[in-house]
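Numbering-wise, numbering that gives the first Met the number 0 puts 120 at position 121 of the sequence shown, and it's gapless, one number per residue. Virtual Cβ for every residue (Gly too), placed ideally from N, Cα, C. Okay, so here's the structure we're looking at.
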Amino acid sequence: MAKFHFVEDYEKLVSDLLSMHPIDRAMELAVGGHYQAMGQIQCNIVTHVGLKSGMTIFDLGCGSGRLAHALGKSGLLVDYIGTDIVQSLLDYAQTKAPRNYRFLLNHSLTVPLPDASVDMASAFSVFTHLLHHETYLYLEDLHRVVKPGGRVIFSFLEFFEPNHWEMFRKTVDDQRVKSSPVLNTFIERNAIEVWCGKLGFEVETFYWGLHRINDSDPLGQAVAVLKR
0 MAKFHFVEDY EKLVSDLLSM HPIDRAMELA VGGHYQAMGQ IQCNIVTHVG LKSGMTIFDL
60 GCGSGRLAHA LGKSGLLVDY IGTDIVQSLL DYAQTKAPRN YRFLLNHSLT VPLPDASVDM
120 ASAFSVFTHL LHHETYLYLE DLHRVVKPGG RVIFSFLEFF EPNHWEMFRK TVDDQRVKSS
180 PVLNTFIERN AIEVWCGKLG FEVETFYWGL HRINDSDPLG QAVAVLKR
């Protein structure tokens, strides 16, 4: 049995998708669909926040490589490290990204990188599927691995954003028939602010679900930008 609920949930989800679809479609569905478009939006966000050539970016929960693929096409020359909990997702991501990008399997609630070793860390659609104390533990370790002045960017669902209610309603409906494949978690801004105060992060800004960043299409989730 896997140590954490999210490992079991996603291993089963990816296995089921691979049994039902061609690999490209399965890998797209495993990360919520719209592989190219969402990867480009994520790329727009991290570059808007300050990612530049020569920097190191850590991508927590990189999935099948949407952000890695978009960064590889962007022309930015970055040192990229992505982790995920499903090996088949990582194997696929490697085929979609530059050869120097690194992909690591990691089932723990810690980050397998040295202290102060990355300029930026991202976690898109990761904390949306974790319990709050699990998110806190990841943020605690991200504070360790991000350089002073570096940033952590993550997406989240919140009740404050009216458009996120539909996700909550669907989760409730799925739970009625016990068919929800993964956990969906909502985090409120005041919780993030409390966590940051305890961990030593500064909340630099929030972007709401429909806020456009660099004139891109909306991500569909709210985004927090934290500064170490």
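Original post:
Between L182 and H128, which are expected to be in contact by the criterion C-beta below 8 Å, what is the C-beta distance as a whole number of angstroms?
Top reply: 5 Å
Original post:
For the candidate residues A190, F158, L138, whose alpha-carbon lies nearest to that of I152?
Top reply: L138
**OP:** Determine the burial state of V30: buried for a count of at least 16 other Cβ atoms within 10 Å of its Cβ, exposed for fewer.
**Re:** buried
Original post:
Thinking C-alpha only, which one of T46, G60, C61 is nearest M54?
Top reply: T46
Original post:
What residues are listed by DSSP as bridge partners for L225?
Top reply: V151, V202
Original post:
Going by the beta-carbon positions, is the gap between R188 and F205 smaller than 8 Å?
Top reply: yes
**OP:** In the DSSP assignment, find the beta strand (DSSP E) that holds S63 and state where it starts and stops.
**Re:** Unbroken run through S63: none, as it is neither H nor E.
Original post:
How many angstroms separate the CA atom of E133 from the CA atom of L108?
Top reply: 7 Å
**OP:** Could you pull the start and end residues of the beta strand (DSSP E) that L12 belongs to?
**Re:** Note, L12: premise wrong, no beta strand (DSSP E); alpha helix (DSSP H) at 4 to 19.
Subject >> Helix, strand or coil at I191 [DSSP, three-state] >> reply: helix
Original post:
Helix, strand or coil for D90 per DSSP?
Top reply: helix
**OP:** Assess, as a yes-or-no matter, whether the stretch 34 to 45 is touched by the stretch 140 to 148 under the definition of 3 or more beta carbon pairs within less than 8 Å.
**Re:** no
Subject >> Burial state of Q220, where buried means 16 or more other Cβ atoms lie within 10 Å >> reply: buried
Original post:
Between the C-alpha atoms of V176 and G62, what's the straight-line distance to the nearest angstrom?
Top reply: 27 Å
Subject >> Boundaries of the alpha helix (DSSP H) in which Y79 is found, first to last residue >> reply: Premise fails: Y79 lies in the beta strand (DSSP E), 78 to 83, not in any alpha helix (DSSP H).
**OP:** Express the C-alpha separation of G74 and D172 in angstroms, rounding to a whole number.
**Re:** 43 Å
Original post:
How should K51 be labelled, buried or exposed, when 16 other C-beta atoms within 10 angstroms of its C-beta is the threshold for buried?
Top reply: exposed
Original post:
Which whole-angstrom value is the C-beta distance of I56 and V117, which I expect to be below 8 Å?
Top reply: 7 Å
Original post:
Shortest alpha-carbon distance to G199 belongs to which of V145, Q41, T184?
Top reply: V145
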